[in-house]
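As structure tokens, the structure follows; a few thoughts come after it.
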Amino acid sequence: MNIFRLVGDLSHLLAIFVLLLKIWKSRSCAGVSGKSQILFALVFITRYLDLFTNFISVYNSLMKVIFIASTVATVYLMYIKFKATYDSNHDTFRIEFLVVPVGGLAFLVNHDFTPLEILWTFSIYLESVAILPQLFMISKTGEAETITSHYLFALGSYRALYLLNWIYRYYFEGYFDLIAVVAGCVQTILYCDFFYLYITKVMWGKKLSLPA
Amino acid sequence: DKDTKAKDEL
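Quick mapping for you: the protein sequence lines, in order, are chains L and B. Just so we're aligned: 191 in our numbering is position 207 of the first sequence, and the numbers increase by one with no gaps anywhere. Just so we're aligned: 512 in our numbering is position 10 of the second sequence, and the numbers increase by one with no gaps anywhere.
Spelled out as structure tokens, the structure:
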């Protein structure tokens, strides 16, 4: 474990709970893409199947349980409890256009052709594009609530910190996983224009609005 | 190439 990965995991945890609290407190999921949340739930479920078979540490197992539980809870709040506030008119990204190609790629490009490894690879590839429905929804509505932009900033930062973690681990532990690094780069690049807007606008107390 | 490292990252 290194500081980049620890701060990255905490940033990820923060993002998930900022969103969960926003929905719970405001009793509304306006401006939030339910499709992205479904994809994130799929990412965690397919990635943490080894939760009971491969014990790494208490921290690792605890975080896996928290990530799965909190993301499933978010999907529940969005599609069941506060369904009336779900903005389905703007959350129209066709996620099958993500899941199918990512599923195919996981079969073709992976470290080992075993079910667990292919599912892990699928999860890594899917996570890199899972935010697209959310970014697409913001581009359609033209703006995002400030709390939603904080959520996105923390979520985008987590994988950027993981890139630093992989640089650290490469030099100090000789650890390198090309699939995770490439997908992590794609994932972080997708946030670049959002990061620019966040830093130039939200940091100065303005609302995040995309140029019309 | 099968890498034997356990998946220790989240």
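The C-beta atom is built at its ideal place from N, Cα and C for all residues, glycine as well.
Asked: Take L/P195 as the anchor and find which of L/N149, L/Y180, L/M187, L/W188 has the nearest alpha-carbon.; Found: L/Y180
Asked: Find out if the Cβ-Cβ distance for the pair L/P117, L/D75 is shorter than 9 Å.; Found: yes
Asked: Does L/C176 pass the burial test, meaning 16 or more other C-beta atoms within 10 Å, or should it be called exposed?; Found: exposed
Asked: Tell me, please, whether the CB atom of L/D(-7) is closer than 9 Å to any CB atom in chain B?; Found: yes
Asked: Can you check whether the CB of L/I108 is closer than 9 Å to the CB of L/L136?; Found: no
Asked: Enumerated in chain order, which unbroken segments of the alpha helix (DSSP H) with a length of 4 residues or greater are wholly contained in the region 149 to 196 of chain L?; Found: 162 to 174, 176 to 184
Asked: Using a C-beta cutoff of 9 Å, does L/A164 count as contacting chain B?; Found: yes
Asked: Please decide whether L/K48 counts as near chain A, where near means a Cβ-Cβ distance under 9 Å.; Found: The structure shown contains no chain A; its protein chains are L and B.
Asked: With a Cβ-Cβ cutoff of 9 Å, do L/V27 and L/A138 count as a contact?; Found: no
Asked: At least one CB of chain B closer than 9 Å to the CB of L/Y109: is that the case?; Found: no
Asked: Taking only the alpha-carbon atoms, compute the straight-line gap between L/L89 and L/V83 and give it to the nearest angstrom.; Found: 10 Å
Asked: Would you call the region 138 to 147 of chain L in contact with the region 165 to 173 of chain L, where contact means no fewer than 3 C-beta pairs closer than 8 Å?; Found: yes
Asked: So, using beta-carbon positions, are L/Q21 and L/T69 closer together than 9 Å?; Found: no
Asked: Assuming L/G15 and L/A128 are in contact, meaning their beta carbons sit under 8 Å apart, how far apart are those beta carbons, in whole angstroms?; Found: 6 Å
Asked: Leaving out the 5 sequence neighbours to the left and right, which residues in its chain are closer than 7 Å to L/A31 when beta-carbon positions are compared?; Found: In the sequence under discussion, the amino acid at residue 31 of chain L is Arg, which differs from the Ala named in the question. Excluding sequence neighbours, L/R31 sits near W104, S107.
Asked: Measure the alpha-carbon distance for L/Q171 versus L/E111 and round it to whole angstroms.; Found: 7 Å
Asked: Tell me, please, which residues DSSP counts as bridged to L/A128.; Found: L/L192
Asked: Just to confirm before moving on: does the CB-CB distance between L/L35 and L/I52 stay below 9 Å?; Found: yes
Asked: Which of helix, strand or coil does DSSP assign to B/L463?; Found: This structure cannot speak to residue 463 of chain B, because chain B is shown only from 503 to 512.
Asked: Between the region 89 to 114 of chain L and chain B, which residues of the former have CB atoms less than 7 Å from a CB of the latter, in chain order?; Found: H95, D96, W104
Asked: Starting from the beta carbon of L/D75, find every residue of chain B whose beta carbon is closer than 9 Å, and list them in chain order.; Found: Result: empty, since nearest Cβ-Cβ is about 27 Å, beyond 9 Å.
Asked: Would L/I50 and L/L(-3) qualify as a contact pair, given that the criterion is a beta-carbon distance under 9 Å?; Found: yes
Asked: Classify L/T55 as helix, strand or coil using the three-state DSSP reduction.; Found: helix
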